[in-house]
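I have placed the structure first, in the form of C-alpha cells, so that the comments after it can refer back to it.
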Amino acid sequence: MGNLIEYERVRKIYNSGSDEVTALEEVSFGVEPGEFVTVVGRSGCGKSTLLKITAGLLSTTGGTVRIAGNPVIGPLTNIGIVFQSPVLLAWRKALDNVLLQIESRGLNVAAYRKKALDLLELTGLRGFENKYPSELSGGMQQRVSISRALIHDPHLLLMDEPFGALDAITRDEMNLELLRIWSESKKTVLFITHSIPEAVFLGDRVVVMTPRPGKVAEIMTIELRASGRAMTRAPMESR
Ligand SMILES: Nc1ncnc2c1ncn2[C@@H]1O[C@H](COP(=O)(O)OP(=O)(O)O)[C@@H](O)[C@H]1O
Ligand SMILES: [Mg+2]
Numbered sequence: 639m640g641n642l643i644e645y646e647r648v649r650k651i652y653n654s655g656s657d658e659v660t661a662l663e664e665v666s667f668g669v670e671p672g673e674f675v676t677v678v679g680r681s682g683c684g685k686s687t688l689l690k691i692t693a694g695l696l697s698t699t700g701g702t703v704r705i706a707g708n709p710v711i712g713p714l715t716n717i718g719i720v721f722q723s724p725v726l727l728a729w730r731k732a733l734d735n736v737l738l739q740i741e742s743r744g745l746n747v748a749a750y751r752k753k754a755l756d757l758l759e760l761t762g763l764r765g766f767e768n769k770y771p772s773e774l775s776g777g778m779q780q781r782v783s784i785s786r787a788l789i790h791d792p793h794l795l796l797m798d799e800p801f802g803a804l805d806a807i808t809r810d811e812m813n814l815e816l817l818r819i820w821s822e823s824k825k826t827v828l829f830i831t832h833s834i835p836e837a838v839f840l841g842d843r844v845v846v847m848t849p850r851p852g853k854v855a856e857i858m859t860i861e862l863r864a865s866g867r868a869m870t871r872a873p874m875e876s877r
C-alpha cells in the first residue's frame, strides 16, 4: 500500500547566532494509511522538529515530506494536532473550545455542535461540556484538546507527547482511550513520546530516534496486533 506520509532524507539545521544544531539528519521512512506509528527518543533528538515539519509549521533544510503524495510546503489545515499541553482558552467552556476549531475555519458552528458533543462523549467527557478548563483535570483538558483535533474529521492525527504531563494512571487511561478512538475512527496517527513502554504499547511500528544529530536508529514492527487490541490489552502498571 502507498504511504500516507513519506519522509525522504529530511534534514533540519537550526541556526541560532553562530551555533548550528543539526536537529534532523537524513530522516527517511513512511507511514501507511491507518497505521499507528510512534516515534520515541530522548529529549533533543528532533522529535518535535519532525512533527512540526510534518504539519508544515516548520520548513526543512533538505529533503522532502510528502502527504498523500503532495510535498508539504506550508501549514496543513486538514490534519489534527495535539501538543503536550492542552492549549485551551480559559474563558471558553469545553464544548466551545472544541468548536473553536470550526469557528477558526469559518465553518457553521451550529452544524458541528452535535458532533462536538459526540466527540466529548467519545473521549469520556459526557456531562462536562459546559465546564471551563479550570474546572477540569489535566487529563480531561487533554481530552478536550483531542476532541478539538478530531472535530473536522482529519485523516491524520499528529500528537507530540500529549500525555507527558499526566500522572501514570491517567496516562494509561488516555492510552487506552486513544487506541479506542483510533480503532473506531481508522485514522493515521503519528505519536511522539519519550517513553519506550508507551511507544511499544501504542504503536504498530516504533521509530527509534537518537540525538546529535537526530536520526532514525531503528524501526521496529510490533507484533501482537489484532483488531480490537484496545479492548483486549490491559493497561500498563507503570512506566
Ligand atoms: N528553534 C530552535 N532553535 C535552535 N535550536 C532548536 C530549536 N528548536 C529545537 N532546537 C534544537 O534542536 C534539537 C531537537 O529539538 P526538538 O525537536 O525539540 O527535540 P525533541 O522534541 O526530541 O526533544 C535540540 O538540540 C534543540 O535544542
Ligand atoms: Mg519535543
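According to this note's numbering, the sequence shown holds residues 639 to 877 in order.
We treat Cβ as the ideally placed atom computed from N, Cα and C, and that holds for glycine.
Straight through space, the alpha carbons of Thr676 and Ser833 are spaced by roughly 10 Å. Only residues of its own chain outside the window of five on either side were considered, and among them Gly679, Cys683 and Ala855 have a CB closer than 7 Å to the CB of Thr848, listed in chain order. The shortest C-alpha to C-alpha distance from Leu689 to any of Ser783, Ile784, Arg743 and Met797 is the one to Met797. Taking 3 residues as the minimum length, the beta strand (DSSP E) runs contained wholly in the stretch 741 to 799 are 794 to 798, in order along the chain. In this structure, Leu817 keeps its C-beta atom at 9 Å or more from the C-beta atom of Leu795. In the structure shown, the three-state DSSP call for Ser666 is strand. Straight-line measurement puts the Cα of Pro792 at about 18 Å from the Cα of Pro724. Using a Cβ distance threshold of 9 Å, Leu763 and Ala732 count as a contacting pair. In chain order, the residues that have a beta carbon nearer than 6 Å to some heavy atom of ligand 1 are Tyr652, Ser654, Val659, Ala661, Gly679, Ser681, Gly682, Cys683, Gly684, Lys685, Ser686, Thr687 and Gly852.
Among the bridge pairs identified by DSSP, Arg843 is matched with Val675 and Thr859. Taking the Cα positions, Phe674 is about 8 Å away from Trp820. According to DSSP, Ser654 shares a beta bridge with Asp657.
With contacts defined by Cβ atoms closer than 9 Å, Thr687 and Ala661 form a contacting pair. Under the three-state reduction of DSSP, Lys853 is assigned to strand. Between ligand 2 and the CB of Glu799, the shortest heavy atom gap is smaller than 8 Å. Going by C-alpha positions, Gly701 is about 6 Å away from Glu646. Boundaries for Ile807: no beta strand (DSSP E) harbours it, while the alpha helix (DSSP H) harbouring it runs Ala806 to Ser823, taken from the DSSP string. Contact between Glu670 and Leu642 holds: CB atoms are separated by about 6 Å, below the 8 Å threshold. Contact annotation: Ala754 and Val736 have beta-carbon atoms nearer than 9 Å. Residue Val782 holds the alpha-carbon nearest to the alpha-carbon of Arg730 among Val782, Asn813, Glu815 and Leu804. DSSP links Glu644 through a beta bridge to Gly668 and Arg704.
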